[in-house]
Amino acid sequence: MFGDLSFSHILILLVVLVLVFGAKRIPEIGSSLGQGIKEFKRSLKDATSDDPPIAPPRGTAPPAASGSVPTGGDPKRLSD
Numbered sequence: 491m492f493g494d495l496s497f498s499h500i501l502i503l504l505v506v507l508v509l510v511f512g513a514k515r516i517p518e519i520g521s522s523l524g525q526g527i528k529e530f531k532r533s534l535k536d537a538t539s540d541d542p543p544i545a546p547p548r549g550t551a552p553p554a555a556s557g558s559v560p561t562g563g564d565p566k567r568l569s570d
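The sequence shown begins at 491 in the working numbering and counts up by one.
Here it is, written out as structure tokens:
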């Protein structure tokens, strides 16, 4: 895809970039792009190195919070 880019093509692309973004803005764009790539790689590394969460045993129910609404059965109606 990019195999037929010659030096003149690359030079024209750079000139267009300078005209569109300005000379001061291009290093900022490159810096933010580099930081984004670093953050993406770091998040991939963190995601692959994390252990999978341990699921609770199936036979136990999660503890109920005090003062919570009881579950099960038909819902109570205030008026008919």
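Ideal Cβ placement from N, Cα and C applies to all residues, glycine included.
Remember, predicted model here, so these are calculated numbers, not experimental data.
DSSP three-state call for residue i: helix, strand or coil?
i	result
Lys514	coil
Lys566	coil
Gly520	helix
Leu495	coil
Quick check: the Cα distance between residue i and residue j, rounded to an integer number of angstroms?
i	j	result
Val505	Ile516	11 Å
Gly520	Leu509	16 Å
Ile502	Gln525	26 Å
Ser522	Lys535	20 Å
Ala513	Leu507	9 Å
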